[in-house]
Amino acid sequence: MASGENVIQSILATDVGSTTTKAILIEKRGDEYRLITRGEMPTTVEVPWENVMIGVRKSIRRVEELLQRRILDQSGKIIRPKQGDSGVDYYVSTSSAGGGLQMMVAGLVREISASSANRAALGAGAVVLDVIAVDDGRSASEQITRITELRPDIILLSGGVDGGSVTYIAAMTETLIQANPQPRFGGTYKLPLVFAGNRDAQDMVLAIAGNELDIHICENLRPRHDVENLGPAREAIHDLFMNHVMAQAPGYGELMKWVDVTIMPTPGAVGRIISVMAEQYHANIIGVDIGGATTDVFSSFEGIFTRTVSANLGMSYSITNVLEEAGFDNILRWVPFGVDEERISDWIANKMVRPTTIPQTLKHLMLEQALAREALRLSFAHHKSLARKVEKEVISAGWRTQQQMFKSAGVEIIEMVKLDMLVGSGGVLSHAPRREQAAMMLLDAFLPEGITQLAVDSIFMMPHLGVLSTTHPDIAAEVFDKDCLVRLGTAIAPVGKGKDGQPVGHMKLEIPGRPVIDHAITYGELRRFELGVGQKARVTITPKPQFDLGEGKGKAITADVEGGLVGVILDARGRPFEMPTDSRARVKKLTEWIETLNVYPLEYVRLYQEEHRVRDVEGEKGGRQGGLMSKLFKR
Amino acid sequence: MVSCPSSSNGRYVVEMVKKVRKLPLPGEVLAAKGDQVEPDTIVARIALRPGIPWVLPAARLLGIEPELLSKCMLKKIGDRVKTKEVIARSTEQGLYGRKDLEAPTDGIIEDISDRSGRIVLREEFGREEPPISFDCAFELKCKPKDLPKYMLRTVGQEVKRTQIIAKKGEGAAFFSVTARTPVSGVIAEVNDTTGYVTIARPFKQVTVNAYMRGTVTEIIPHRGVVVEAPAVRVNGVFGVGRETHGPLKVLVDRADEVLTKDLITEDLEGKIIIGGAFITNDALAQALAVGCRGVITGTANYLNIIRSLGVKLGVGITGQEDIGTTLILMEGFGHLAMHEEVFQALKALDGLEASINGATQIRAGAIRPEIIVPFPGYQGELATPQKIDEEITVGLRVRIINEPYFGATGTVVSVPREAQAVETGARVPVLEVKLASGETVVVPRPNVEVF
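Taken in order, these protein sequences are the chains called A and B.
Read in order, the letters of the first sequence are residues 1 to 635 in my numbering.
Read in order, the letters of the second sequence are residues 1 to 451 in my numbering.
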């Protein structure tokens with residue numbers, strides 16, 4: 001590919017999402033590669049179309065329409081290479097339509113090989129249907145019954161350290177065979193199984209299951225207790241995804257012929273670009289991609305990449321599930337006016353049955369963003385519980401042995417105070433009419449602590465750049481930095497609890513060429529300091545003894561912060577964050593925050609507050625956990 | 001979203017509807033090619049539902065090496081065995097003679113493994129059996145009210161015969177008391193007043209019926225059949241409940257009429273009732289109480305569906321709910337009139353036998369609920385399903401499917417090339433639509449559907 005790199009002038013990339021298909025055009029202008037334009041159209045995997053290519057062509061036609069130039073020829077094929085002003089040189093695509101990739105994972109020890117295998121599958125962009133392990137609390141017969149019920153696209157089997165015992169792997173493979181698992185898309189092909197376990201067991205797995213399953217051997221993902229090697233298994237899954245899963249979906253055959261690089265699952269591509277970024281910036285990064293059906297959270301903490309997917313939290317197909325899992329109280333706590341639960345639930349349910357619609361009024365935008373906050377919050381909680389790292393195992397005698405062994409199951413790695421950058425992606429964040437809205441959603445859902453940079457994917461092009469980075473990392477990195485990442489600014493959030501109005505500390509903000517800003521931080525406030533894109537400032541904060549900004553309680557911190565479209569946001573609302581329980585106080589606070597950060601046009605907010613008054617009897621809001629069902633069927 | 005059965009001559013069009021009726025696992029096909037079938041005709045069944053698999057660590061129980069297991073077997077794969085029947089005997093003479101392995105249950109030997117030394121025995125369930133209750137609290141020597149906290153298995157979980165389901169006390173066997181289940185099944189109830197545990201045995205034969213009246217045109221070996229019939233097919237937007245069938249009964253005169261409780265009378269039991277616009281909460285409860293097989297209407301309230309049907313709709317995948325009445329919404333949620341042409345088509349089908357299915361899957365590979373009215377003797381011309389043209393152009397009739405003009409219909413008067421700002425502040429591709437009321441409004445392109 002290196003030889004062709006010099007001649008590439010124009011790159012077309014598409015992402016076939018579950019809701020929309022997005023096409024972008026990248027071109028060389030002068031010495032640099034830049035994003036030229038972008039077209040978006042509904043995905044056409046469903047009836048009446050049942051062919052993804054219609055959506056792909058329509059999105060490309062949209063690009064043509066915007067640029068007034070031709071990319072597709074008369075027969076609807078891409079003109080390649082670029083001829084004069086028409087056509088492109090290179091075409092890549094990602095996809096998450098067709099329900100994505102669904103996998104079943106099996107391992108030996110739930111906390112060791114099975115959890116590593118789970119991470120490998122998630123990292124490859126899969127939805128994990130179930131994790132089967134010898135010690136998962138189920139008897140062999142229950143496992144057989146369960147495996148029979150599942151209809152995965154691929155099975156990942158792992159277990160055992162290299163050179164270890166093979167007995168249990170044999171038993172697990174037999175359990176799989178006895179269950180006779182069937183692939184999701186009918187029985188025209190053998191169900192693929194990726195074996196990434198003890199290398200001494202490879203022949204045995206082939207011998208036991210070779211006739212029934214399509215076995216693919218790759219390197220052990222846990223060659224030693226203290227070593228995790230997820231890369232090869234992830235690659236093997238990507239290859240199988242293309243050859244087995246995508247090939248079954250309507251229209252993909254044609255798309256596969258079009259592309260210059262194999263189609264990647266969208267989450268896999270986003271994960272790739274996040275890892276590349278973390279490496280480039282030497283930073284701890286959390287990325288989130290909130291889609292129509294699922295929400296993916298990616299983190300790269302101290303060089304360890306983790307991806308989790310919340311399969312049933314999303315903004316269209318799964319939106320009613322957000323309502324059910326979070327409950328009305330948690331969602332409505334973010335809405336600055338009173339709402340009629342019946343009407344709101346109908347609106348949400350209609351969004352589910354008509355997933356491609358978009359909010360037209362500000363009222364519905366505020367509601368959608370309230371739901372997004374909860375979907376993000378729940379997904380992140382899920383991610384935190386799964387993001388673990390394998391620690392070096394120290395074998396020692398006596399009572400400590402058990403303690404050390406426990407560590408081989410991994411320790412949680414996400415520490416919010418150590419987070420350097422939070423990147424949001426997905427329609428609701430990328431397409432938020434004001435960038436302040438995206439910043440608020442990220443702040444409210446993730447509750448960053450200490451000093452954290454906030455950014456969003458400008459127009460949702462991380463998947464495109466992720467797949468492009470597999471062959472042209474330089475172009476991908478250049479476009480990513482210049483056109484993809486929109487820096488919102490930096491959030492500063494002291495950790496600690498206090499009372500409203502109580503002093504939290506003192507902040508000094510030095511912006512080159514401007515007078516120094518001295519600010520006494522009070523508890524409960526949210527403030528914004530202008531600091532433009534590309535500008536840097538030095539901030540010094542001296543917290544009171546019960547507050548912490550990452551250096552320890554009461555310890556002063558000095559840091560260089562980056563500006564952005566929103567600027568520097570001082571979030572002294574307390575960590576852990578609590579919303580006022582009284583409805584009126586809550587609405588007052590929300591309005592205050594909306595005003596400070598200029599989140600929504602205030603005249604509309606006031607209008608809706610007049611129209612939908614907060615009821616006095618609403619009682620407690622916020623805090624309470626628990627789903628909608630528990631509220632409805634309360635005794 | 002709604003596939004509309006309009007036609008120039010009549011109110012509905014007849015097309016050839018093909019339904020694949022398949023078992024989840026290989027079984028027996030009962031129908032033959034060319035057979036005329038009714039909705040309830042059973043076309044395929046699994047003679048015996050695969051029961052619970054018992055995995056026996058045979059080599060360990062016999063005290064032999066795993067690789068010797070085959071040599072010790074008295075039965076082979078596929079053999080049917082009875083409880084207490086000796087299925088394997090060790091070759092070695094031990095201190096107390098040779099060890100025997102008895103079958104713990106009736107069933108079929110499915111697998112014998114020399115690698116792991118295990119035998120898989122599939123317990124069979126041939127017929128429906130009544131639930132069994134036993135005094136678990138007595139066996140556990142505890143007070144009934146304490147029973148739930150000692151239970152190891154909870155309601156809804158599958159249990160095998162002689163499995164320990166409750167345990168009192170910790171530590172070694174000497175200090176603890178256990179209770180075992182007398183039969184295999186699913187725990188249906190743990191009663192903390194009487195101390196009884198009920199084990200249900202809902203192991204029915206799995207059968208597949210024809211679902212609609214028609215002709216068997218194809219046999220899928222060991223799996224099922226394809227049933228075909230000339231029929232009118234209408235798709236809704238969202239449904240809840242399983243496949244069912246019954247005569248259609250239209251209860252309202254207009255597409256915008258709300259379906260209220262007083263319209264649903266006792267004599268509608270077993271019928272599929274059709275409303276126009278919204279169904280009130282009371283009316284839905286009444287339809288359930290009366291025993292209507294199905295309800296087809298424009299819209300309903302989301303919270304009410306959850307409450308009165310007791311279902312979870314979170315991820316938008318339905319069709320497996322155990323409710324007596326299948327509900328099909330033609331338009332979605334909130335207050336909205338049914339599409340006039342769809343309503344007229346349904347009205348014209350009043351009194352005819354229909355097969356309906358509430359199954360909905362909104363995610364990719366979408367399944368929408370359907371109403372099929374077969375005309376087995378239809379001789380006229382059959383319509384070919386038309387693919388909808390996806391481009392929105394000036395002059396097209398559209399309906400707005402999101403607030404603030406939700407449900408309004410009109411004609412597209414312009415399709416601006418440039419994106420425009422809407423109230424939210426977002427710049428999106430838009431359409432100008434002249435509403436039926438005469439007003440011209442601007443709406444985002446994704447918020448309309450071709451009418």
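Idealized CB from N, CA, C, for every residue including glycine.
Over what stretch of residues does the alpha helix (DSSP H) that includes residue i continue unbroken?
i       : result
Y600(A) : Unbroken run through Y600(A): none, as it is neither H nor E.
I475(A) : P473 to V479
P267(A) : T266 to Y281
P404(B) : No alpha helix (DSSP H) contains P404(B), which DSSP labels as neither H nor E.
N281(B) : N281 to V290
P42(A)  : Per DSSP, P42(A) belongs to no alpha helix (DSSP H); it is in the beta strand (DSSP E), E32 to P42.
E551(A) : Run containing E551(A): none; DSSP gives neither H nor E here.
T148(A) : A140 to E149
Counting only the same chain and skipping the five closest in sequence on each side, list residues whose C-beta sits under 6 Å from that of residue i.
i       : result
E610(A) : none
I54(A)  : T44
G567(A) : G489, R528, F529, E530 and L531
A269(A) : T94, P463, G466 and V467
G501(A) : T522
M1(B)   : Its pLDDT being 40, under 50, M1(B) is placed unreliably by the model, and the measurement read from it follows with that caveat. Hits under 6 Å: V237 and E449.
S3(B)   : A caution first: S3(B) carries a pLDDT of 42, below 50, which makes its placement in the model unreliable, though a value can still be read off. Taken in chain order, the residues that qualify are N235.
K141(B) : V177
A59(B)  : P66, L69 and G117
Check whether the Cβ atoms of residue i and residue j lie closer than 8 Å to each other.
i       : j       : result
T357(A) : I401(B) : yes
F333(B) : A287(B) : no
L147(B) : I164(B) : no
I144(A) : Q178(A) : yes
Y640(A) : D260(A) : Any question about residue 640(A) goes unanswered here, given that chain A covers just 1 to 635.
A359(B) : G298(B) : no
G163(A) : G197(A) : no
A114(A) : A133(A) : yes
What separation, rounded to the nearest whole angstrom, lies between the Cα atoms of residue i and residue j?
i       : j       : result
R343(A) : I285(A) : 39 Å
Q420(B) : R445(B) : 11 Å
R49(B)  : L422(A) : With a pLDDT of 48 at R49(B), under the threshold of 50, the modelled position of this residue cannot be trusted, and the question is left open.
L362(A) : T424(B) : 5 Å
T440(B) : I392(B) : 17 Å
Q670(A) : Q453(A) : The structure shown does not extend to residue 670(A), since chain A spans only 1 to 635, so no value can be given for it.
N51(A)  : M256(A) : 13 Å
Q9(A)   : L67(A)  : 16 Å
E432(B) : G513(A) : 49 Å
T217(B) : E15(B)  : 16 Å
A255(B) : V443(B) : 25 Å
V56(A)  : P265(A) : 16 Å
S300(A) : A278(A) : 6 Å
V225(B) : T91(B)  : 50 Å
L590(A) : T148(A) : 50 Å
How would you list, in chain order, the residues of chain D whose beta-carbon sits under 9 Å from the beta-carbon of residue i?
i       : result
L362(A) : Any reference to chain D falls outside this structure, whose protein chains are A and B.
Checking the sheet assignment: what are the DSSP bridge partners for residue i?
i       : result
E454(B) : This structure cannot speak to residue 454(B), because chain B is shown only from 1 to 451.
I42(B)  : N209(B)
K22(B)  : G224(B)
P503(A) : T522(A)
S300(A) : I285(A) and F305(A)
How far does the beta strand (DSSP E) with residue i in it extend, from its first residue to its last?
i       : result
K82(A)  : Here K82(A) belongs to no beta strand (DSSP E), and DSSP marks it neither H nor E.
I453(B) : No answer is possible for residue 453(B): it lies beyond the span of chain B, which begins at 1 and ends at 451.
G466(A) : Careful: G466(A) lies outside any beta strand (DSSP E), inside the alpha helix (DSSP H) at M462 to L468.
N180(B) : It should be pointed out that residue 180(B) corresponds to Arg in this sequence rather than to Asn. Run containing R180(B): V177 to R180, per the beta strand (DSSP E) assignment.
T452(A) : G450 to D457
Between residue i and the rest of its own chain, which residues show a CB-CB distance below 7 Å, the 5 nearest in sequence each way excluded?
i       : result
F343(B) : A255 and G276
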